[in-house]
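Structure first, commentary second.
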Amino acid sequence: MSMRPRGIKKGEGMGIAGHSFAPGSVIANRNRLWRVDAQTGCVLIATSIDGGETEQQRFYLPFENVQSGRLPFPDSGRVGFPSAQDLLLRAYRLSLLHGTAPLLSLQRSRVIPKDYQLVPVVMALEMPRVRMLIADDVGLGKTIEAGLILTELLARQMASRILVVVPANLREQWQQALDYFFHIPARIISSRHRREMERELPLGANPWAYYRYLITSTDYAKQPAIKNQILEQSWDVVVIDEAHQVAKPHQSSPDEHVQMDRWELAVALATSKRVRHLLLLTATPHNGYTDSFASLLWLLDVGAVSGPLHEPQIVRAVAERHVCQRRRKDVEDWFKRNASTSPFPDRDQREVIVVPSAYEKEAVDAVEAYGKGILATAATGTIQMRTMAHWTVLHLHKRALSSPEALRCSLRNRRDSLRRRLEGNAMAEQEETLPLDVARANVLDEDTGERVPDEEAGRRAERAAYGPPEAIRVELKK
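The number in the working numbering is simply the position in the sequence shown, starting from 1, with 4 added.
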């Protein structure tokens, strides 16, 4: 029986060591057809093209019977399907685009990452279902690392819908980073932004389903109605920034009552069958309580925690495959060991005391005297009024330390509001009071939540009035 493959004619080719084969030509050897890639002297490099398993081989011509070959013409009796041909062409196109790059995200972003920032990306690619806690120190670039992972998943067709859950004061920052660095046009969705979105949506469309990339705040998403709308949709990737805020609050016993809204949101997202990949980002994963830290690992749903959540046991061998945590000092030491220049500036932690000028001291003293008047007026009111007055005074001090113009704007805002109240202006009567927790967050530069935006919280604190009309008139004279 002849062992000659199809397309090889008897007697074709010399099979001698001195013969030269041009790159791209078809040859026959070892009962297979090959495409010549290169030839150096008597060494021929070729890739198999006969439909079997593709392999590249080196042939030493003096010991091989290499002959000229020819691919057989297509059999007109075997007509294929256009859909299969289209699929094949698409596969070839993807292979040409992506076949030579180990990390596709680097081609699709403006980021030039440091070596250590690629570690979580490589870790993610080793997981069929990405579940990671990225707990690098502040300043190491967790947002960049998460963005690279998102871009990698999008480029590899492993994701198409993304939900980013962050504190309200970080929404715009995330939107700008995703758009500028990674070309991901994410939209912010909230009660205020949703009204704007509905003008763009087709009639009856659901914004949670219509937009592929969305950013929302933790406090907005935890509302029962909103949470249900989120969970009705399928999300390829969910990113939770400042994840320590959604960790399970510490409980000394299972019966102890604690606020669970954010934790319940995180559990719903992490355990939903409609959510595939999950990224948790935080620079402070451990608050001193093992059960709170373990709850973040439990959200990953990889078997890193055993036992009840109020007395957890962490399975370190599992957890270390899903946690990327580096201190800044560790990274700096790594750069030193590799004789590389550290990208971090040197810190000078000396305390420098700046003596205020006479003008600045006079302004602070004036705000102090003005604040004492507000507190004296509120002293006869309710506990809530007295507490709110303290936050109002602290807000004015904060504005004074910011800049003279900031203080001037705040005092002008307060003056106009008090005048409207004396005039019985209906709009002034309808001005909403500021919840105490939001007033506190405003002064301490914490997240004011979804209910009141940061700037609005400051304006409402300035408009808060205390006491009867006579007291307001006295304050206006100051």
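Ideal Cβ positions, reconstructed from N, Cα and C, are used throughout, including at glycine.
Nearest to Val134 by alpha carbon, out of Trp239, Gln111, Gln249 and Ser72?
-> Considering only Trp239, Gln111, Gln249 and Ser72, the residue with the shortest C-alpha distance to Val134 is Trp239.
Go through its chain and collect everything with a Cβ distance to Lys226's Cβ below 7 Å, but skip five positions before and after it.
-> If you ignore the 5 residues before and after Lys226, its C-beta comes within less than 7 Å of the C-beta of Asp265, Arg266 and Leu269, all in its own chain and listed in chain order.
State yes or no: is the C-beta of Ser109 within less than 8 Å of the C-beta of Ala159?
-> The answer is yes: Cβ separation under 8 Å.
Nearest to Trp338 by alpha carbon, out of Asp119, Ser113, Pro349 and Ala88?
-> Considering only Asp119, Ser113, Pro349 and Ala88, the residue with the shortest C-alpha distance to Trp338 is Asp119.
Proximal residues to Thr437 (C-beta, below 6 Å), its chain only, five neighbours per side dropped = None.
Cα-Cα separation between Tyr96 and Ser87, rounded to whole angstroms = Straight-line Cα distance between these residues: approximately 14 Å.
Through-space distance from Val115 to Thr155, alpha-carbon basis | Taking the straight line from one Cα to the other gives about 11 Å.
Identify whether Met131 lies in helix, strand or coil by the three-state DSSP scheme.
-> Three-state DSSP puts Met131 in coil, outside helix and strand.
Which runs of the alpha helix (DSSP H) fall wholly inside the region 337-398 and span at least 4 residues, in chain order?
-> Look at the region 337-398 and you find these whole runs of alpha helix (DSSP H), each 4 residues long or longer: 362-382.
Compute the beta-carbon to beta-carbon distance between Ser221 and Pro171, rounded to the nearest angstrom, for a pair I have assumed lies under 8 Å.
-> Yes, Ser221 and Pro171 are in contact; Cβ-Cβ is about 6 Å, under 8 Å.
Report the residue ranges of all alpha helix (DSSP H) runs contained in full by the region 167-240; include only those spanning at least 4 residues, in chain order.
-> Listed in chain order, the complete alpha helix (DSSP H) runs (minimum 4 residues) inside the region 167-240 are 175-186, 195-204, 211-214, 222-225 and 228-235.
Could you work out which residue in Ala321, Val126 and Asp295 is closest to Gly307 when comparing CA atoms only?
-> Nearest option by C-alpha distance: Ala321.
Cβ separation of Ala274 and Leu282, assumed to be a contact under 8 Å, to the nearest whole Å = The beta carbons of Ala274 and Leu282 sit about 6 Å from each other, so the pair counts as a contact at 8 Å.
In three-state terms, what does DSSP make of Asp295?
-> Asp295 falls in the helix class under three-state DSSP.
Give me the Cβ distance between Pro211 and Arg198, rounded to the nearest whole Å; I'm assuming they're in contact under 8 Å.
-> At roughly 6 Å, the Cβ-Cβ gap stays under 8 Å, so Pro211 and Arg198 are in contact.
Neighbourhood of Phe186 by C-beta, 6 Å cutoff - its chain only, sequence neighbours within 5 removed | Excluding positions up to five away in sequence, the list reads Ser113, Gly151 and Thr155.
When the distance is taken between beta carbons, is Asn33 closer than 8 Å to Val70?
-> In this structure, Asn33 lies closer than 8 Å to Val70 by Cβ.
Could you tell me if Arg412 is buried or exposed, where buried requires 16 or more neighbouring beta carbons within 10 angstroms of its beta carbon?
-> Looking at its Cβ environment, which holds fewer than 16 other Cβ atoms inside 10 Å, Arg412 is exposed.
Using 10 angstroms around the beta-carbon of Val356, count the other beta-carbons present and answer buried if the total reaches 16, otherwise exposed.
-> The residue is exposed, with fewer than 16 neighbouring Cβ atoms inside 10 Å.
If you count every other CB in all the chains shown that lies within 10 Å of the CB of Ala348, and 16 or more means buried, which is it?
-> It should be noted that the sequence gives Phe, not Ala, for residue 348. Classification for Phe348: exposed.
My guess is that Asp295 and Lys252 are in contact by the Cβ rule of under 8 Å, so how many angstroms apart are they, rounded?
-> Rounded, the Cβ-Cβ distance is 7 Å, consistent with contact.
Does the Cβ of Ile219 have 16 or more other Cβ atoms within 10 Å, making it buried, or fewer, making it exposed?
-> Label assigned to Ile219: buried.
Figure out for me which residue from Ala50, Arg62, Arg39 and Pro66 has the closest Cα to the Cα of His23.
-> Of Ala50, Arg62, Arg39 and Pro66, the residue nearest in Cα terms is Pro66.
Where does Arg39 sit, in a helix, a strand or coil, going by DSSP?
-> In the structure shown, Arg39 sits in a strand (DSSP, three-state: E or B).
What's the C-alpha gap between Ala181 and Ser194?
-> Going from the Cα of Ala181 to the Cα of Ser194 covers about 19 Å.
Looking at Ala382 and Ala370, is the spacing between their C-beta atoms short of 8 Å?
-> Note that the C-beta distance between Ala370 and Ala382 is not below 8 Å.
Residues that Ser310 bridges to, as DSSP identifies them | Partner(s): Gln317.
Which residue from Ile49, Pro76 and Gly45 puts its Cα closest to that of Gly55?
-> Ranking Ile49, Pro76 and Gly45 by Cα distance to Gly55 puts Pro76 first.
Identify every run of the beta strand (DSSP E) within the region 34-119, keeping only runs that are complete inside it and at least 3 residues long; order them along the chain.
-> Counting only runs of at least 3 residues, the region 34-119 fully encloses the following beta strand (DSSP E) elements, listed from N- to C-terminal order: 36-44, 47-52 and 60-64.
State the Cα-Cα distance for the pair Gly11 and Gln111, rounded to the nearest angstrom.
-> With a pLDDT of only 45 at Gly11, under the threshold of 50, the placement of this residue in the model should not be trusted, and no figure is reported.
Inter-residue spacing [alpha-carbon to alpha-carbon] between Ser299 and Lys402 | If you take the alpha carbons of Ser299 and Lys402, they lie about 36 Å apart.
When the Cα atoms are used, what is the spatial distance from Leu379 to Leu174?
-> Distance from the CA atom of Leu379 to the CA atom of Leu174, rounded to whole angstroms, is 33 Å.
Assuming Ile148 and Val241 form a contact by the criterion Cβ under 8 Å, report the distance between their Cβ atoms to the nearest whole angstrom.
-> The Cβ separation is near 16 Å, so there is no contact.
Cβ pair Thr44, Thr51 closer than 8 Å | In this structure, Thr51 does not lie closer than 8 Å to Thr44 by Cβ.
Taking Cβ to Cβ, would you say Arg332 is nearer than 8 Å to Asp41?
-> For Arg332 and Asp41, no; Cβs fall outside 8 Å.
Is DSSP giving Ala32 helix, strand or coil here?
-> Shown here, Ala32 sits in a strand according to DSSP, grouped into three states.
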